[in-house]
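Peer 1: Numbering (my numbering), first residue to last: 133 to 260.
Glycine included, each C-beta is placed from N, C-alpha and C at the ideal position.
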Amino acid sequence: MSTSRKTKTDSTAELRKTVVAALEELKAKDVREIDVRGKTSIADLLVIASGTSARHVKSIADEVVKFAKKAGVMPLGVEGEQEAEWVLVDLGDVIVHVMLPRIREFYGLERLWTVGDREPGVDAASAG
133 MSTSRKTKTD
143 STAELRKTVV
153 AALEELKAKD
163 VREIDVRGKT
173 SIADLLVIAS
183 GTSARHVKSI
193 ADEVVKFAKK
203 AGVMPLGVEG
213 EQEAEWVLVD
223 LGDVIVHVML
233 PRIREFYGLE
243 RLWTVGDREP
253 GVDAASAG
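#1: Please state the DSSP three-state secondary structure of A145.
#2: Per the DSSP calculation, H229 is bridged to which residue(s)?
#3: When you compare only the Cα positions, how much space is there between G170 and E157?
#4: By DSSP, does K198 sit in helix, in strand, or in coil?
#5: Can the beta-carbon of E217 be found closer than 8 Å to that of I235?
#6: With 16 other CB atoms within 10 Å as the buried threshold, where does D142 fall?
#7: With R169 as the anchor, note down where its beta strand (DSSP E) starts and where it stops.
#8: Inspect the beta-carbon positions of I180 and R164 and report whether they are closer than 8 Å.
#9: Under the rule that 16 or more other beta-carbon atoms within 10 Å means buried, what is R137, buried or exposed?
#10: Across which residues does DSSP place E215 in a beta bridge pair?
#11: Excluding sequence positions up to five away, which residues of its chain have a Cβ less than 7 Å from the Cβ of V197?
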């Protein structure tokens with residue numbers, strides 16, 4: 133059995149570390165990771181972070197791309213760089229969303245991807 137062979141889980145974990153390091157490097161705010169395995173086939177992990185301005189959002193996304201390339205991962209796509217209110221960096225198994233706080237609050241990706249993850253009764257009590 134070869135130990136040089138990586139599993140998908142190992143490569144996703146390494147990519148996650150690379151992304152988090154890039155976000156920390158440029159002081160991204162309110163970083164949140166959401167495991168989406170079993171909810172979608174597009175990725176295993178979503179990473180959502182905020183920047184303090186459009187320039188900061190773009191710089192954070194650029195840093196994620198730079199760190200990923202250094203780790204040998206070519207982004208499948210980068211969207212939203214022009215306006216830089218919400219930049220998406222698609223790294224395959226990991227998708228990174230860097231947003232301005234008002235955009236992040238408006239779209240509520242955390243709520244969207246964590247529906248059903250809460251303990252039973254939490255949502256029912258607040259719906260009442």
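Peer 2: Taking the coordinates as given:
#1: Looking up residue 145 in the sequence shown gives position 13. It is helical.
#2: Residue numbering aside, residue 229 sits at position 97 when the sequence shown is read from its first letter. DSSP output for H229 lists I180 and L220 as bridge partner(s).
#3: Locating residue 170 in the sequence shown gives position 38, where the first residue counts as 1. Locating residue 157 in the sequence shown gives position 25, where the first residue counts as 1. Distance between the alpha carbons of G170 and E157 is about 31 Å.
#4: Numbered from 1 along the sequence shown, position 66 holds the residue referred to as residue 198. Three-state result, K198: helix.
#5: Start at 1 with the first residue of the sequence shown, and residue 217 comes out as number 85. Start at 1 with the first residue of the sequence shown, and residue 235 comes out as number 103. Between E217 and I235, the CB-CB gap stays under 8 Å.
#6: Position 10 of the sequence shown, counted from the first residue, corresponds to residue 142. Answer is exposed; the Cβ neighbour count stays below 16.
#7: As a first step, residue 169 must be located in the sequence shown, where it is residue number 37. Note, R169: premise wrong, no beta strand (DSSP E); not H, not E.
#8: On the sequence shown, residue 180 is found 48 positions in, with the first residue counted as 1. On the sequence shown, residue 164 is found 32 positions in, with the first residue counted as 1. Yes, the pair counts as a contact, with Cβ atoms nearer than the cut-off.
#9: Start at 1 with the first residue of the sequence shown, and residue 137 comes out as number 5. Unreliable placement is indicated for R137, whose pLDDT of 48 sits below 50; the coordinate value is still reported in the next sentence. Taking all protein chains shown into account, R137 has fewer than 16 neighbouring C-beta atoms within 10 Å of its C-beta and is therefore exposed.
#10: The residue given as residue 215 occupies position 83 in the sequence shown. E215 pairs with nothing; no bridge assigned.
#11: Taking the sequence shown and counting its residues from 1, the one referred to as residue 197 is at position 65. Here V197 has P207, V210 and V221 as same chain residues with Cβ atoms under 7 Å from its own Cβ, once five neighbours each way along the sequence are excluded.
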